[in-house]
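What follows is a short report on a single structure.
2 protein chains.
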Amino acid sequence: MIFSARVLLATIAALLCLPSAVLAMQGDEAGRSVSSPDGRLVVAVDVTGEGVPQYGVAYGGEMVIAPSRLGMRFAAMKGFDEGFAIVGSSAGSADETWEQPWGERRFVRDHHNELVVNFAADDGRSFNVRFRAFDDGIGFRYEVPAQQGYDAVTIVDELTEFRVAEASTAWWIPSRGWNRYEYLYETTGLEEMDIVHTPVTFRMPSGIHLSVHEAALVDYAAMSLKQYRPGIFAADLAPSATAAGVVKKGPFTTPWRTIQVAPDAAGLVNSDLILNLNEPNRLGDVSWVEPGKYVGIWWAMHINDRSWGTDFIHGATTDETKRYIDFAAENGFDGVLVEGWNTGWDGDWFNNGDVFSFTETYPDFDLREVADYALSKGVRLVGHHETSGNITNYERQMADAYDLYEDHGVRQVKTGYVADGGDAKWVDDTGVAHYEWHDGQKMVNHYIHSVTEAAKRKISINTHEPIKDTGLRRTYPNWITREGARGQEYNAWGQPPNPPEHTAILPYTRMLSGPMDFTPGIFDLMPNERPQLEGAAPRHSTASRVETTLAKQLALYVTIYSPIQMAADLPENYEARPEPFQFIRDVPADWEESIALAGAVGDYLVIARQERGSDDWFLGAVTDEEARNISQPLSFLTDGVTYRAEYYLDADDADWETNPYAMDIGSRAVTSETVMELPLAPGGGAAVRFYPMNDE
Amino acid sequence: MIFSARVLLATIAALLCLPSAVLAMQGDEAGRSVSSPDGRLVVAVDVTGEGVPQYGVAYGGEMVIAPSRLGMRFAAMKGFDEGFAIVGSSAGSADETWEQPWGERRFVRDHHNELVVNFAADDGRSFNVRFRAFDDGIGFRYEVPAQQGYDAVTIVDELTEFRVAEASTAWWIPSRGWNRYEYLYETTGLEEMDIVHTPVTFRMPSGIHLSVHEAALVDYAAMSLKQYRPGIFAADLAPSATAAGVVKKGPFTTPWRTIQVAPDAAGLVNSDLILNLNEPNRLGDVSWVEPGKYVGIWWAMHINDRSWGTDFIHGATTDETKRYIDFAAENGFDGVLVEGWNTGWDGDWFNNGDVFSFTETYPDFDLREVADYALSKGVRLVGHHETSGNITNYERQMADAYDLYEDHGVRQVKTGYVADGGDAKWVDDTGVAHYEWHDGQKMVNHYIHSVTEAAKRKISINTHEPIKDTGLRRTYPNWITREGARGQEYNAWGQPPNPPEHTAILPYTRMLSGPMDFTPGIFDLMPNERPQLEGAAPRHSTASRVETTLAKQLALYVTIYSPIQMAADLPENYEARPEPFQFIRDVPADWEESIALAGAVGDYLVIARQERGSDDWFLGAVTDEEARNISQPLSFLTDGVTYRAEYYLDADDADWETNPYAMDIGSRAVTSETVMELPLAPGGGAAVRFYPMNDE
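Going down the list, the protein sequences come from chains Y and D.
Counted from 1, the first sequence has number 95 at position 95 by UniProt numbering; the numbering is strictly sequential.
Counted from 1, the second sequence has number 682 at position 682 by UniProt numbering; the numbering is strictly sequential.
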């Protein structure tokens, strides 16, 4: 290539002046910047000499997003790329508090300033970008009004960029690989990043933490970030199997592109930005959406005690289900998940979703009998639909399948889309199969379709192998939880299983998007070392084990938020350890408030949550492979009240690798003045329940 | 996700049995395997239980490509993905030797066995894969016959995979980034690779070297490799700005997918596989395609002594061009390149190819005068067309532009496509601009169009910012060289400049695809430390310098093949060092034979080449940042002949960093029995000319 001196000089000048450029923009002209209510965050908007729209973000006077491109290009008409001027803008602000039907906190404050910038070109092209600046970050989205020639567009390239300080550290998982989101997080400098999923978290050299993600992903392809130049991450929309890009008709808006900003890691965890950028509840009365805890016929398959199909020892039998129902009823669980109840599991279901019926049961599973038995015990079945990523087979049966469950009192269905990345299948009207990414526009729409169809039957959906969460639970509160990261199951057969740091990274990355059905609570930490059952599939490698202490399994109920939490292990393993099991019996799944108290990405987290409609608090703390002693002030407790703290701590000699079961379980009186010592073992954790002593 | 025991067992079994699987396939059924003429390479073909076509490759009994998928999917019809059986096959072989009009060697032997496998599905879908097994690797391509419903297809996914041993080391550059191919090569394990360009080179744990690339890329998108699972690299076709994939009409064939295999690094360099998989010369008499050496008004711009436009000191003036013509004539150069002769360089040409005229000269450049002056001196002007990647502006002017050069005796034109990756521009009939990757289908076709249009005027094309080379020089011998990697120019302004290892990696990676206009021969190794000329643009950072010894600059004329080689430095810098300059005067650019003698990727290379139509040989050796002493047998020389060896070696105390000019220049008598000591300094090299002493 060739490189002119003039261009080089301009580039250097631009690089040198970036921080002042954005800050200067703020003051230069009205209508080109917006600040957060506390004034710390500033978004500035401008166009380059070529009329390329760009924005930048500063936080506390420090540039956090250097001037970055905005725009999009289309397959068949002029792009929104250059030749634009800012022809108008409007400002506004909002400060309202809304109530979640369930969530990490009951009341969420949406306090932001808004700026809508109108970009137009001489030839009539126009679009708007709506920015919202909150104290905890910013969001912006494109709003494309009706205009001549743009009634139907195919967006081949969204030009949105995020320019991040090159010396930052990042926590990320790759995008466009064989898996969807179930990778171990990488902790690297930017130079090792190519194309990554969001949320992606950055720690800048100054210590400021950023997370880039999106909110309200509807009828659009998910945005990954492609590092195009060092430090410049460009939006990379999931491809379509049938179109050159994202297909939109009429005026449209994109999902919100979000940048959460906090001075420290815990600050990210306390952000409500993603929820605030979603539309309010569209379902009306959602009292039928019920947070709670469940057990199920699930882990037994992962450790090969049972099988989904009838090839080894079938798990989903009437008798076995009743056994779980009895256990659930005795221990206060709300639901019993049953996987492998429907026909289709005996063939090669892994690559062939066509095999599944969602209404036909295996002969040894009497749906009516177990459903009625459950209801008689005050428990509900939790439904299960594995699609193998074949959405056509699922959609064809969907009404009947949800009707069937509704008829049997089922209020929650766990769905599954096990297919490799790029291999989610649909069949068009001519019988031709197409294969999509799980986060492509077609699949985005399918997942929402399943949620809205389920809502008609008062059924909530727990999506596995999902599209990533973008906060749509606010709009559709029956989208109650989902997977979308490496969960507990990897500890049964993963090579490697989840290392201790995994659950010290998730809260700062995946969990910023929303709840996760991680399925904590494994009590037999080395199941693959047990003797194999006669007739069962062989045990997995003993290298696959749970790399936590038992105390950390309890802590996960607090550190990893989900409104429905599984107690994932076998009933007999809980019965064998009643003392620690008491914490699982006690811990709720719905919260009045949540406060991340301290933490560092990949190292540790301490979080406290107040039970919804109660004075009780729960604390969870997790560490990575390092032991650490945390002196935690309990200032979140109500002043002047004495609480009993029932604690489940790692014993002095506990260690995930050598002595994982050693626990110090007890109780003591504490107040908001108390500084509680939390001794975290390597791979360890701490779980504490607090309740006012006058409740005793 | 969930994971059935059955699937896991099948997966493990498949993994364990892979080598025997491919080898077993070989013997199982006729028509499903093909071996190289020497029997060392075996390609086996099969379908899985689901009817998924796959192939594998073994070399000397070792699996080099584990069973890997074949197939493709379309936007609007059933894919060639599963449900296929092998319904027929045909075998053949060829052994012919063809002559290159110019090249690394005059005669190329094409000796291969061939297997065409016919895949068909019950519903009538059918396609063929043609495999060719050579001693130095294999190639295969899809051949899609005419069939109902497939008259026009959009290929949204080519399913071709290459499964490589996970413990391999790779040398690669990223794909889909801002640059095209001008990256420093990475030397890593597979875990750091995401999406990479080809050729990509692997060294397996056994020491076997592989290079995956493609041949004869015509009317198709270039293939990058995306590591989809660990060790599984999937074809990733460059996207289109207007279609969902590669658009093909009627029956079609794809480019050849190639895997060069050699027991050592030097073996890769000696491979002719890519050329052998291209179609023969379509241009007939190409005696007007003239290998040779050139100088030009070029480096002066890169070091900011001159400028392309008139903003600083304009380089392309009539007087300056005549000065270069005089120098060329005096020193035996064939051409003088002049960049910046045409209008358009004074604006923001970097992002705006519309500014360029390809027929209008700057007022201070008299094309007729300099062209005639050159011809009177036995020299030809070398033309230059920088397009900034705007192919519409170029194509509109192309006929006039080539006519103009033809009228002035120009036989070679250097073209340029400086635009970021994904930003090569074309404008459709409705005036809408589209932006493509340089290696997308649209651009692939444009580059060939420029070559065939030029051929009509007996003009050869030297493409900068090109599509990667895939051997099309065999078919279009006027596509004489190209850039397509980080060249010498980065030593003027690169941050960082090319490190010493760069030229010890290129021969094993980029150069496997074909010639490169690297432009060696910089004699002033620290130009940015010179005083700035009055009126010139400021010097670049002194951190940008040439990280070689002077001897290595000479060696590059032998180690980096190009049929047109530039002596890139300013005439005065050569005049200041006449002794080493003598080698550049002597070294030819066209060869009778080339033999890579020894080397290791990223460490060093020793190569010998015999001058076309002469008994003279030339040897080049380069090392990375490590000094090394090579004892090189001269067995390539004709037995019984005594040669004079004129050597240009690093002096004992030479070092690229501290003492780059120190050379040991001299001559001695040698024979094919001689073992010549080549002392390579850190960042050093060696250049030797051998000629029979009876010629003296």
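Yeah, the Cβ is synthetic: ideal placement off N, Cα and C, and Gly gets one too.
Computed from a predicted structure; not experimentally measured.
According to DSSP, which residues form a beta bridge with residue i?
| i | result |
| --- | --- |
| D:T154 | D:V247 |
| Y:V43 | Y:V34, Y:V57 |
| D:V295 | D:V336 |
| Y:W426 | Y:H434 |
| Y:F690 | Y:W617, Y:A645 |
| D:L570 | DSSP output for D:L570 lists no bridge partner at all. |
| Y:K414 | Y:H384, Y:N462 |
| Y:E214 | Y:R257 |
| residue 712 of chain D | This structure cannot settle anything about residue 712 of chain D, because the visible part of chain D is limited to 1 through 696. |
| Y:S307 | Y:H314 |
| Y:V87 | Beta-bridge pairing links Y:V87 to no other residue. |
| Y:M663 | Y:D650 |
| Y:G599 | Y:L605 |
| D:P633 | D:V675 |
Pop quiz: residue i and residue j are said to be a contact at Cβ under 8 Å. What is the actual Cβ separation, rounded to whole angstroms?
| i | j | result |
| --- | --- | --- |
| D:L225 | D:V246 | Incorrect: roughly 16 Å between the Cβ atoms, too far for contact. |
| D:R69 | D:D157 | Not a contact, Cβ separation roughly 11 Å. |
| D:V606 | D:I630 | 6 Å |
| Y:P520 | Y:L556 | 4 Å |
| D:I259 | D:L210 | 6 Å |
| D:R678 | D:Q632 | Note that residue 678 of chain D is Leu in the sequence shown, not Arg. Contact holds; Cβ gap of about 6 Å. |
| Y:A681 | Y:A645 | 19 Å between Cβ atoms; not a contact. |
Which value, in whole angstroms, describes the spacing of the CA atoms of residue i and residue j?
| i | j | result |
| --- | --- | --- |
| Y:L381 | Y:L570 | 17 Å |
| residue 703 of chain Y | Y:Y435 | Residue coverage of chain Y in this structure runs from 1 to 696, which leaves residue 703 of chain Y outside it and unanswerable. |
| D:D123 | D:F80 | 11 Å |
| Y:R172 | D:P527 | Residue identity check: residue 172 of chain Y is Trp in the sequence provided, not Arg. Going by the C-alpha atoms only, they are around 42 Å apart. |
| D:L23 | D:S33 | Any answer about D:L23 is weak, because its pLDDT of 45 lies below 50 and its placement is not dependable; what the coordinates show is given next. Looking at the two C-alpha atoms, the distance is approximately 9 Å. |
| Y:D28 | Y:V52 | The pLDDT assigned to Y:D28 is 46, lower than 50, so where the model puts this residue is not dependable; a value taken from the coordinates is nonetheless given after this. About 18 Å. |
| Y:G149 | Y:M77 | 8 Å |
| residue 698 of chain D | D:D219 | Given that chain D is displayed from residue 1 to residue 696, the structure contains no residue 698 of chain D and the question cannot be resolved. |
| Y:R474 | Y:V451 | 13 Å |
| Y:V87 | D:Y55 | 59 Å |
| D:A85 | D:V42 | 21 Å |
| Y:S614 | Y:S562 | 18 Å |
| Y:P205 | D:K293 | 50 Å |
| D:D400 | D:Q495 | 38 Å |
| D:T463 | D:R130 | 30 Å |
| Y:V117 | Y:D136 | 21 Å |
| Y:A221 | Y:G71 | 16 Å |
| D:E572 | D:A537 | 20 Å |
Pair every Cβ in the segment 648–664 of chain D with every Cβ in the segment 589–597 of chain D, then say whether three or more of these pairs are closer than 8 Å. The segment 648–664 of chain D, when compared against the segment 589–597 of chain D, does not touch it at the 8 Å Cβ threshold.
Cβ-based contacts, 7 Å cut-off: residues of the segment 419–447 of chain Y near chain D: Within the segment 419–447 of chain Y, the residues whose Cβ lies closer than 7 Å to some Cβ of chain D are V432, A433, Y435, listed in chain order.
Hey, is the segment 611–629 of chain Y in contact with the segment 182–190 of chain Y, meaning 3+ C-beta pairs nearer than 8 Å? Segments in contact, no.
What are the residues in the segment 189–220 of chain Y lying within 8 Å of chain D by C-beta distance? Taking 8 Å as the Cβ-Cβ cut-off against chain D, the residues of the segment 189–220 of chain Y that qualify are E192, D194, I195.
Are there three or more Cβ pairs, one per stretch, closer than 8 Å when the segment 280–289 of chain D is compared with the segment 230–250 of chain D? Flag = no, the segment 280–289 of chain D and the segment 230–250 of chain D do not touch.
What residues from the segment 28–51 of chain Y come within 7 Å of chain D, judged by C-beta to C-beta, listed N to C? Against chain D - using a Cβ distance shorter than 7 Å - the residues of the segment 28–51 of chain Y are E50.
Taking only beta carbons into account, state which residues of the segment 167–184 of chain D come closer than 9 Å to chain Y, listed in chain order. Cβ contacts with chain Y come from P174, R176, G177, W178, N179, R180, E182.
I want to know whether the segment 380–395 of chain D touches the segment 408–419 of chain D - three or more CB-CB distances under 8 Å. Yes, the segment 380–395 of chain D touches the segment 408–419 of chain D.
Of the residues that make up the segment 216–249 of chain Y, which ones have a beta carbon closer than 8 Å to any beta carbon in chain D? K226, Q227, Y228, R229, I232, P239, S240, A241, T242, A243, A244: these are the residues of the segment 216–249 of chain Y whose beta carbon lies less than 8 Å from some beta carbon of chain D, given in chain order.
When you check each C-beta in the segment 96–123 of chain Y against every C-beta of chain D, which residues fall closer than 9 Å? Residues of the segment 96–123 of chain Y that bring their beta carbon within less than 9 Å of a beta carbon in chain D are absent altogether.
Chain Y contacts made by the segment 59–86 of chain D, where a contact means CB separation under 9 Å: Cβ contacts with chain Y: R73, F74, A75, A76, M77, K78, G79, D81, E82.
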